[in-house]
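In our numbering, the protein residues as written are 114 to 295.
Cβ atoms here follow ideal geometry from the backbone N, Cα and C, with glycine treated the same way.
Here the structure is laid out as structure tokens; the discussion comes afterwards.
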Ligand SMILES: [Fe+2]
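In structure tokens, the structure reads:
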């Protein structure tokens, strides 16, 4: 995905997805993000595991901190700027994720990031200005899994340092996460 997305100028991508129309339609959310699925005109009866989406994030709002299971994704800022933090996934249980910080940097148009099954699996974007990302989400990596994919929202303020650089972070509900971090 990185190779493919880096071969297309952002302006061409924006033309290709009819960015202006989509952005006008979804606006910005008061908390968190607003999103639009992007229709590339594929057969609608086909099961798609590659989901292209547009994310709109207003100033100070965020793509809340979360980890993933059974999916990977790539995120290309089209306009705007974010503070991006990422973490490797070390382990997961019913109540928490243990993670290791890997990325903490400012990103803007063209700064692609991605999540792997373990590497950089947790991400958190805070918009510095009204911003948009083009995302490709790939679900169902393990087609024997019960869930096509899972998302684990994290309460980063309650993170407990483990002393070796790892953090143990409690999982929280979407509504609590949006209230605190959205
Ligand atoms: Fe994500």
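Under the DSSP assignment, residue 267 falls outside any alpha helix (DSSP H); it carries neither an H nor an E label. The alpha-carbon of residue 188 is positioned some 20 Å away from that of residue 261. In the DSSP annotation of this structure, the continuous segment of the beta strand (DSSP E) that includes residue 210 starts and ends at 209-221. Distance from the CA atom of residue 219 to the CA atom of residue 197, rounded to whole angstroms, is 6 Å. Under the criterion of beta carbons closer than 8 Å, residue 249 and residue 153 do not qualify as touching, at roughly 11 Å. Secondary structure at residue 175: strand, using DSSP grouped into helix, strand and coil. By the 16-neighbour rule on beta-carbons within 10 angstroms, residue 180 is buried. Under the DSSP assignment, residue 128 falls in the alpha helix (DSSP H) whose first and last residues are 123-129. If you compare the alpha carbons of 292, 208, 225 and 202 with that of residue 214, the shortest gap goes to 202.
Proximity of the region 222-234 to the region 269-282 falls short of the contact definition, fewer than three beta-carbon pairs being nearer than 8 Å. For the pair residue 255 and residue 170, the Cα-to-Cα distance works out to about 30 Å.
With a 10 Å radius around the Cβ and a threshold of 16 neighbouring Cβ atoms, residue 117 comes out exposed.
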